[in-house]
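Chains as they are written, first to last, in this note's numbering: chain A, 34 to 211; chain B, 14 to 657; chain C, 1160 to 1361; chain D, 205 to 522. For glycine and all other residues, C-beta sits at the position ideal for the given N, C-alpha and C. Computed from a predicted structure; not experimentally measured. In what follows, a structure is listed as structure tokens, so that the remarks can point back to it.
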């Protein structure tokens, strides 16, 4: 029994570190796809349900989160959201989410855009990079495991590194319909 | 009858002493004995075997790299795997093999060679061993989990910093440095104290064997060099874990600070690996030419000079970083100057061979191979010491060739010779001579075939640490040759270690002194009993066993009922007092487990260090708490601070 | 052969103070290692300082001077009981050693308490600039080896009150512990100068 | 074998100097190599003599002559090393000389390509390019070296030794090519996943050709001339490409990837990894992670019929 438990724990440790440390350079075509192949119907009755095929592939992958951090600057997300503290756009490091903290919601926000300023990056950012951004954005509010979150960057420091940010419990979202 | 009968320093008919000493110095027994041993012969053997296991794994990784580079655009390894493999190869060979094996040989041999019954601080020695074991296990577990460090053994920031190395890979590097440096520093302290305070009466400092001198010098180098890399690794660890800015140029940090700290350790490191080998060569040359090494004083001064100059040339690895020119000239001069003491030693050995009667047994062959290879490495070292040449050669395969000529030629060859030479002392049996010859020629040919072409590859533009190259570079044929050579080299290593494994069980029985050695380790049985010497020897010269040991006095009056050792004075080795060392205990193992857990948990949270230190202090208290009324602890608590 | 000359060492003592003891040598080597760590860290401090136009960097206040100065005085005072214990230990006077060690431990505990205040008055975070990083690290290193040595001293003090306290070896240990405390105190002086005076003067 | 190995041929060789500095280093190399060869032969000859000399049964003590031999060898070693040191320092001094007037180019190391900026006092005459350094022959060129991410090292063996690009440090190296030609350089400091494929070409032109080239390079990109090219440009602009790449004279103004204004005139793509032709370009756009796994270029998923116009447009950017 004890041995079984130890083996199970070891396996979990192994699997989790594999997941965390993997470098997925060459994504499968589905994930690399341009996300403009499908159109969403703009009017959906009831609460919004985003159309998502892949469900948060990078929530525990350190490399992808770090890539997300790089892209956050490269694609000029910092222009509006600053370094997570918010500016023209809402802050991303607090526990308040206008459109929900689930990976799918953040994905939809990036791909679809949102009223009042958030542009749609549909077709501009490849699918897997959107997911990398999603993972990074979630890390800003302590929503990814700390051992996978990024450390400080190599620039002027504007805030504490993601690794050391406190975990924030997202505000209650409206219960979703099945 | 006892095993010591007939050895030169055993008084005949001392059966009662033999029996009492055997009981007093008995190794741990019982179910947990593996975790409780403290004897330097047992720990030393384990140390040696463990280091060679890491060596074999590091060698396998080297083989993988050679396969990947055999032809252009090869796909044996992906770039991500290659980066991990070359990094782990480097840290294995430098941190887990080279320094530990040199210390491990000393742990086994030095107390015998200076005629004492134990290494100073036997429990700390066990602790050091477990730290090496756990450190290596951590790295290879990480490699199998795809989380091995991948920023090179030199680990330059910013690449190794938090912004460019995601995950916990580089943190493994930083923790490994802590593991191995704690181990190395602990052993260095033990060796220095043993050499200074436990030499047989009469072995004044000018009569110490050259190998003992070499280990003394090396241990002092470790004491001064290793702290720099521990500081560096803690800096990078803090940068990655809690967001400090030591290497972030935007906040006042500096990537070059790393290079200075690292090479202040990294360059002496080469001599830390090389100087023990010089001692081994001196031992072997002297025994197989049947005469003392020519120029004892010159040899000792050369060792000391090498150590001093070794600290003055770290910038030699940074010529391309754009440092001021006057500084560079100084470091060029220092780097070239260090060739002089090395040259003196080579000349003295050749003179010894000239004056003596060489017999071509395998240990001696490895020494001859050492001279032939090491001189090439030394000469290419003079080339990379020149700033203008280094600007072309730096970070190319020329340097790969150079460093392997120096480290394999300068250290591994003497080491293989030394293992062959001391094998009977370790196991009681001889290694097979014929297989020894075969392995020598295979290793010698394979080595040159592997690494000589790399000189040329570097000159025609092949940089180091590349996972592949394009066909049009023209580097293909020489790389293929080099890979073929690696196959021969691997075969030679297989023959050598196969020979060792078989001989361990089936080799011819050796007897106390199979080679007709000159130094005291040959004055006890093979393998030596747990108490090492029935009566401690008294020596009157540098080659005690060649100077009529039967007529030399022996020491009596050391307790046979306590683990008592004779402490002698530092310079003239006159008896000073008697000191009791502790017996088997499990505390070092527990302390090492605690330290190891602390370092591994420290990959994830800085709090691990606070909690770990507290736990460690508790364990250290248990360690140093005196056990019984009669047997006493050996160390006051501040030893604990050292190990912590 | 039975006439072989022998050297009988059974009359030799079973301990030795100062440089005669193996422990003294180990302590010296440990001190050398730790001193090298401090030298490397202090060198890094000045290396980083050389890179910056202003030190501490702009908008960073100077570290508070009061508490470290108080602490330096406490540490210098602690040398008195320390020397008292060392002398008593070498004469193997148990009672004096016991009293002296308790006093020395209390002073050291006071020092650690003030050290907490020192950290609070560094006026910079470790992750705000390289200046903050090196300052925290240097003070952290010293605190680490202060705390471990304090713990060791307390353990040894307790030992002095047990039956083991009468063994000559304990007196050697007590003497070496005092020797090490000298290093803790003396290494603090350059660190104090670097951390609190270098930013003001240089 | 040894002799065969000493003759140099290669794509980027320190033994085939084509510039003043590389020539000086190569001559210094010849000196060191010659001296080393002599020393090695002497040492090994003495070793073999010592090993195999015929030993007569005489008891005469030869340690005096051995002492003499060792002393003489040591003195000789010292003298030879001193000679080498002097020759090295003399060469080093020459290499360090910086002329008062030199063309100025800034090379920035990026993971895993080179940004090349041709400086000019007139801002409108500055030119940004990538992975190819074009310089006139016989003219000293001062290359400023900087890095925007990790440590790289700039190394064109045929022209000069290497110099590191370190974030937060400004380094420079002086190139002076003696004759027109094409030389290859490569990053020489380990810099991550694609350290192996971070190379660049150095085109050395006749000074007159250089003037012509730089003038062409200063121009904005060509305006699409054919419908196919126009369609290609539309595809380019509506794709992710402009987020990272700059094409002078269009809306594409990304700064994180190589400048594509004159991409078609360059010799290679992906930092001297692939020859610049239509097939390679297509492969690179569709599956860059196959060519350079870990590089920051994402794969493009194009619809039917989008690839050809895109390639045509890129190939028109001469």
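| message | Any C-beta of chain B within less than 8 Å: which residues of the region 179–205 of chain A qualify? | response | 179, 180, 181, 183, 184, 185, 186, 187, 188, 189, 190, 193, 194, 196 and 197
| Can at least three beta-carbon pairs, one atom from the region 447–459 of chain B and one from the region 545–558 of chain B, be found at a separation below 8 Å? | No, the region 447–459 of chain B is not in contact with the region 545–558 of chain B.
| query | Alpha carbon to alpha carbon, what distance is there between residue 422/B and residue 382/B? | reply | In the second chain, residue 382/B corresponds to position 369, counting from 1. In the second chain, residue 422/B corresponds to position 409, counting from 1. Each residue's Cα considered, the two are about 8 Å apart.
| said: Against residue 493/D, what residues of chain A qualify as contacts under a CB-to-CB distance less than 9 Å, listed in chain order? | reply: As a first step, residue 493/D is located in the fourth chain; it is residue number 289 there, counting from the start. In chain order: 58, 59, 60 and 65.
| Of all the CB atoms in chain A, is at least one closer than 9 Å to the CB of residue 1218/C? | Position 59 of the third chain, counted from the first residue, corresponds to residue 1218/C. Not one chain A Cβ lies under 9 Å of residue 1218/C.
| message | Just checking: is the beta-carbon of residue 211/B within a distance shorter than 9 Å of some beta-carbon in chain C? | response | Locating residue 211/B in the second chain gives position 198, where the first residue counts as 1. It does: the Cβ of residue 211/B has a partner Cβ on chain C nearer than 9 Å.
| message | Taking contact to mean 3 or more Cβ pairs, one atom from each stretch, closer than 8 Å, check whether the region 1318–1333 of chain C and the region 230–241 of chain D are in contact. | response | No: the two stretches stay apart, fewer than three of their Cβ pairs being nearer than 8 Å.
| said: Give me, in chain order, the residues of the same chain whose beta-carbon lies closer than 6 Å to that of residue 69/A; leave out the 5 immediate sequence neighbours on both sides. | reply: Here residue 69/A is taken as the residue at index 36 of the first chain, counted from 1. At residue 69/A, the pLDDT of 48 sits below 50, so the modelled position is not reliable; the number obtained from the coordinates is stated separately. 155 and 156, listed in sequence order.
| message | Using a Cβ-Cβ distance cut-off of 9 Å, determine whether residue 50/A contacts chain B. | response | Taking the first chain and counting its residues from 1, one reaches residue 50/A at position 17. At least one chain B Cβ lies under 9 Å of residue 50/A.
| query | Where does residue 360/B land, buried or exposed, given buried means 16+ other C-beta within 10 angstroms? | reply | Taking the second chain and counting its residues from 1, one reaches residue 360/B at position 347. By the 10 Å Cβ count, residue 360/B comes out buried.
| field | Those residues which DSSP pairs with residue 409/B across a bridge | value | For the purposes of this step, residue 409/B is taken as the residue at position 396 of the second chain. Note: residue 409/B sits in a beta bridge opposite 476/B.
| message | Can you tell me whether residue 63/A is buried or exposed? The criterion is at least 16 other CB atoms within 10 Å of its CB, across all chains shown. | response | Translated into the one-based positions of the first chain, residue 63/A becomes position 30. Confidence at residue 63/A is low in this model, with a pLDDT of 45, below 50, so its placement is unreliable and no value can be given for it.
| query | Does the pairing of the region 170–187 of chain A with the region 505–524 of chain B give three or more beta-carbon distances under 8 Å? | reply | Taking 8 Å as the limit for Cβ pairs, the verdict is that the region 505–524 of chain B does not touch the region 170–187 of chain A.
| task | Find the residues of chain B that neighbour residue 1184/C, judging by a C-beta separation of less than 9 Å, and give them in chain order. | result | As a working note, residue 1184/C is residue 25 in the third chain. The contacting residues are 133, 202, 205, 206, 209, 210 and 583.
| message | Check for me: the alpha helix (DSSP H) holding residue 358/D runs from which residue to which? | response | For the purposes of this step, residue 358/D is taken as residue 154 along the fourth chain, with counting starting at 1. Looking at the DSSP string, residue 358/D is not in any alpha helix (DSSP H); the run it does join, the beta strand (DSSP E), is 356–359.
| said: Would residue 402/D pass as an interface residue toward chain A - the criterion being a Cβ-Cβ separation below 9 Å? | reply: Position 198 of the fourth chain, counting from 1, holds the residue named residue 402/D. Chain A, which has no Cβ nearer than 9 Å to the Cβ of residue 402/D, makes this no.
| Contact with chain B by residue 1303/C, beta-carbon distance below 9 Å | Against the third chain, residue 1303/C aligns to sequence position 144. Judged by the 9 Å Cβ criterion, residue 1303/C is in contact with chain B.
| query | In terms of DSSP beta bridges, what is residue 1167/C paired with? | reply | Within the third chain, residue 1167/C is the residue found at index 8, counting from 1. Answer is 569/B.
| request: Give the interface partners of residue 266/D over in chain B, defined as CB-CB distance under 7 Å, in chain order. | output: The residue given as residue 266/D occupies position 62 in the fourth chain. Simply 368.
| query | Do we get a CB-CB distance below 9 Å when we pair residue 90/A with the residues of chain D? | reply | The residue given as residue 90/A occupies position 57 in the first chain. No, no contact with chain D.
| If we count the other Cβ atoms within 10 Å of its Cβ and call it buried at 16 or more, is residue 302/D buried or exposed? | Residue 302/D sits at position 98 when you count from the first residue of the fourth chain. Around the beta carbon of residue 302/D, fewer than 16 other beta carbons lie within 10 angstroms, which makes this residue exposed.
| query | Where DSSP assigns a beta bridge to residue 321/D, which residues make up the other side? | reply | The count along the fourth chain starts at 1 and reaches residue 321/D at position 117. Paired residue(s): 310/D and 332/D.
| task | Closer than 9 Å by beta-carbon distance: list the chain D residues that pair up with residue 724/B, in chain order. | result | Here chain B covers residues 14 to 657 and nothing more, so residue 724/B does not appear.
| query | What did DSSP end up calling residue 120/A once you bin it into helix, strand or coil? | reply | The residue labelled residue 120/A in the question sits at position 87 within the first chain. In the structure shown, residue 120/A adopts coil according to DSSP, grouped into three states.
| Within 10 angstroms of its Cβ, does residue 102/A collect 16 or more other Cβ (buried), or is it exposed? | Walking along the first chain from the start, residue 102/A turns up at place 69. Under this definition residue 102/A is a buried residue.
| Cβ atoms of residue 114/B and residue 60/B: under 9 Å apart, would you say? | For the purposes of this step, residue 60/B is taken as the residue at position 47 of the second chain. For the purposes of this step, residue 114/B is taken as the residue at position 101 of the second chain. Yes.
| request: Quick one: grab the DSSP three-state call for residue 366/D. | output: Locating residue 366/D in the fourth chain gives position 162, counting from the first residue. It is a strand residue.
| request: Leaving out five residues on either side along the sequence, give the residues of the same chain with a beta carbon under 6 Å from the beta carbon of residue 194/B. | output: Taking the second chain and counting its residues from 1, the one referred to as residue 194/B is at position 181. Hits under 6 Å: 239 and 243.
| request: Select from 1235/C, 1260/C and 1236/C the residue whose C-alpha is nearest the C-alpha of residue 1246/C. | output: As a first step, residue 1246/C is located in the third chain; it is residue number 87 there, counting from the start. If we check each option's Cα against that of residue 1246/C, 1260/C comes out closest.
| task | State the DSSP-derived secondary structure class of residue 1187/C, mapped to helix, strand or coil. | result | What you label residue 1187/C is simply residue 28 of the third chain in a count that begins at 1. Here residue 1187/C sits in helix by DSSP.
| message | Which residues does DSSP list as the beta-bridge partners of residue 151/B? | response | What you label residue 151/B is simply residue 138 of the second chain in a count that begins at 1. Note: residue 151/B sits in no beta bridge, so no partner.
| said: If the criterion is Cβ atoms closer than 9 Å, does the pair residue 285/B and residue 231/B meet it? | reply: Numbered from 1 along the second chain, position 272 holds the residue referred to as residue 285/B. Numbered from 1 along the second chain, position 218 holds the residue referred to as residue 231/B. Yes; because the gap between Cβ atoms is below 9 Å, this pair is in contact.
| Under a Cβ-count criterion, where at least 16 other Cβ atoms within 10 Å of its own Cβ denotes burial, should residue 560/B be classed as buried or exposed? | Against the second chain, residue 560/B aligns to sequence position 547. Per the 10 Å Cβ criterion, exposed.
| Any contact of the region 431–449 of chain D with the region 512–520 of chain D, i.e. 3+ C-beta pairs under 8 Å? | yes
| field | Close-in-space but distant-in-sequence residues of the same chain around residue 1269/C (CB under 8 Å, 5 per side omitted) | value | The residue labelled residue 1269/C in the question sits at position 110 within the third chain. So the qualifying residues of the chain are 1233.
| message | Contact defined as beta carbons within less than 8 Å: I believe residue 354/D pairs with residue 385/D. What is the distance between those atoms, to the nearest angstrom? | response | Taking the first residue of the fourth chain as 1, we reach residue 354/D at position 150. Taking the first residue of the fourth chain as 1, we reach residue 385/D at position 181. Not a contact, Cβ separation roughly 31 Å.
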